[in-house]
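*Asks:* Attaching a single structure in structure tokens format; questions to follow.
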Amino acid sequence: MEFKDYYDILGIKPDADDKAIKGAYRKLARKYHPDVSSDDDAESKFKAVSEAYHVLKDPEKRAEYDQLRRYRQSGGGQAGPDGWQGFRQGGGEAHFDDAGAFSDFFQSIFGGGGGFSQRGGPRAGRDLEVELPLFLEDTVADTRKQIRVGDRTLNVTVPAGTGDNERIRLKGQGAPGLDGGPAGDLYLRVRLVPHPLFDVDGHDLLVTVPVAPWEAVLGAKVSVPTLSGRISLTVPANSQNGRRLRIKGKGLVGQRHTGDLYAVLKVVLPEHQDEESLALWRQLADRAGFDPRADWEKRA
Amino acid sequence: MSRLTLTELSRRVALPVATVTEIVELGIIEPDSHDPHWLFDETVTVLVTRAARLHRDLAMDWSGVALALELSEENRRLRRENAALRRRLERFLDPR
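Going line by line, the protein sequences match chains A and B.
Using the working numbering, the first residue of the first sequence is number 233, and each one after it goes up by one.
Using the working numbering, the first residue of the second sequence is number 75, and each one after it goes up by one.
Structure below.
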């Protein structure tokens, strides 16, 4: 089992006083609190910080831990010093909830199940929230999904039209109740997975469609993908770069209304042009007499 | 979807009624209906639990919790929006 240096975890010296310990904890807890942090590893970092603080703020636990730490530094290896057996978690301090069980390392020193359960009669289990990644294609019709929560596998039907950030409630699938209390609920918070072709804007979808310069000028019919098959799109003549063309009803299915798909035109040049093509471009340049920067600098 | 009274909500989140009342008054959660008593959508339990964790773990008062939750939600929304706009921009700048 890996030794945990609680002082290192809190970034303090081994002779730090209570005020320094508390200050370091507060700062790191704010940084890594899973309810506010955007750090991918926030939860495990927060648990480590909480565990370190839980030990170091308590003079009795700290003394025991310090003894073990000194023994280890003097080359004592894994076994504890003479007479060291670890003491058992006595009081039922209502502090850490079921998600916050401490590490095996902590339990090997201080014993206990690591959970700091509250005392006093049946209590409902905590409601849990987990993210449910969903492909855009999954939102078109009711979709069955398998999710893993802890060591359980759950089957969920995600209704058609479920949008980003929406919550799906699974009754009784949260944390188990205590002393015979009912289990909490599990909430799945939907996260639409970024799509290789489509971007999401509310209920609308956007797809960037490359067009040749002559297609933008002369107009064209182009084949465009949607979430439900391809369609033929008319690019009107004289379309500027970035023009948005609306394809009604081909956006995300919503519970109240269905969004639209916007094709955003992107004019692209051929990578290679032969001499003949270049001659034609030169001819066009002479013929068009077009200065795209005529008004441009007047804006400055 | 069934809704919870103030007392039922307090029991569900294991907090005193006075604390949940303060959480409502600070706008951390909003009742669905006020007439004649507060009724809450069940999904608010997740928010209350999150608020209670911040209150406990960071030793914040409830108005600080309200601010932290509001700012972190805004931060999260902006990050997602920023990522989405970046993706759109990259698609447009990609020469293919």
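All C-beta atoms in this analysis are idealised placements derived from N, C-alpha and C, irrespective of residue type, glycine included.
Bear in mind the structure is a predicted one, so any value in this text is a computation, not a measurement.
1) If I'm right that E447(A) touches V432(A) with Cβ under 8 Å, what's the distance once you round it to whole angstroms?
2) To the nearest whole angstrom, what separates the beta carbons of R165(B) and T440(A), a pair I think is in contact under 8 Å?
3) 7 Å is my cut-off, CB to CB: does D267(A) come that close to chain B?
4) Would A261(A) pass as an interface residue toward chain B - the criterion being a Cβ-Cβ separation below 7 Å?
5) The alpha helix (DSSP H) spanning F342(A) covers which residue range?
6) Hey, does P90(B) have any beta-carbon neighbour from chain A nearer than 7 Å?
7) State yes or no: is the C-beta of G357(A) within less than 7 Å of the C-beta of A415(A)?
8) Starting from D272(A), find everything on chain B with Cβ-Cβ shorter than 7 Å and list it in chain order.
9) Could you pull the DSSP bridge partners for Y494(A) from this structure?
10) Looking at C-alpha atoms only, which residue of D247(A), E296(A), S276(A), P246(A) is the closest neighbour of G343(A)?
11) Are the beta-carbon atoms belonging to K377(A) and V388(A) less than 7 Å from one another?
12) Check distances from the C-beta atoms of the stretch 110-131 of chain B to those of chain A and list, in chain order, the residues that come in under 8 Å.
13) Name, please, each residue of chain B whose Cβ falls closer than 7 Å to the Cβ of D359(A).
14) Taking Cβ positions, are V485(A) and A407(A) nearer each other than 7 Å?
15) Is P442(A) closer than 7 Å to V500(A) when the C-beta atoms are compared?
16) Enumerate in chain order the residues of its own chain whose CB-to-CB distance from D374(A) is below 8 Å, with the five nearest sequence positions on each side excluded.
17) Apply the 10 Å Cβ neighbour rule to W513(A) and answer buried if 16 or more other Cβ atoms are within range, or exposed otherwise.
18) What distance in whole Å lies between the Cβ atoms of H286(A) and L132(B), which are believed to be in contact at a cut-off of 8 Å?
19) Looking at the secondary structure, which residues open and close the beta strand (DSSP E) in which E363(A) lies?
20) Can you tell me whether F114(B) is helix, strand or coil according to DSSP?
*Replies:* In brief:
1) Contact between E447(A) and V432(A) does not hold, since the beta-carbon distance rounds to 26 Å and is not under 8 Å.
2) Right, the Cβ-Cβ distance comes to about 4 Å (below 8 Å), so this counts as a contact.
3) Interface residue (Cβ-Cβ distance to chain B less than 7 Å): D267(A) is classified as such.
4) Closer than 7 Å to some Cβ of chain B, the Cβ of A261(A) qualifies, so yes.
5) Per DSSP, the unbroken alpha helix (DSSP H) holding F342(A) starts and ends at 336-342.
6) By the rule that beta-carbons nearer than 7 Å mark a contact, P90(B) does not touch chain A.
7) Yes. Within cutoff.
8) Residues of chain B passing the Cβ test: none, with the nearest at roughly 13 Å.
9) In DSSP, Y494(A) forms a bridge with L438(A), R478(A).
10) Across the set D247(A), E296(A), S276(A), P246(A), the C-alpha of E296(A) shows the shortest separation from the C-alpha of G343(A).
11) Result yes, Cβ atoms of K377(A) and V388(A) sit closer than 7 Å.
12) If the cut-off is 8 Å between Cβ atoms, the stretch 110-131 of chain B has E116, T117, T119, V120, T123, R124, R127, L128, R130, D131 near chain A.
13) Within chain B, the residues near D359(A) are T119, V120, T123.
14) Against a cut-off of 7 Å, the Cβ pair of A407(A) and V485(A) comes out as no contact.
15) Cβ distance < 7 Å, so V500(A) and P442(A) count as in contact.
16) T389, V390, P391, A392.
17) Classification of W513(A): exposed, given that the 10 Å Cβ count is below 16.
18) Here L132(B) is actually not in contact with H286(A); their C-beta atoms are around 15 Å apart, not less than 8 Å.
19) Boundaries of the beta strand (DSSP E) around E363(A): 360-366.
20) In the three-state reduction of the DSSP assignment, F114(B) falls in the strand class, which pools E and B.
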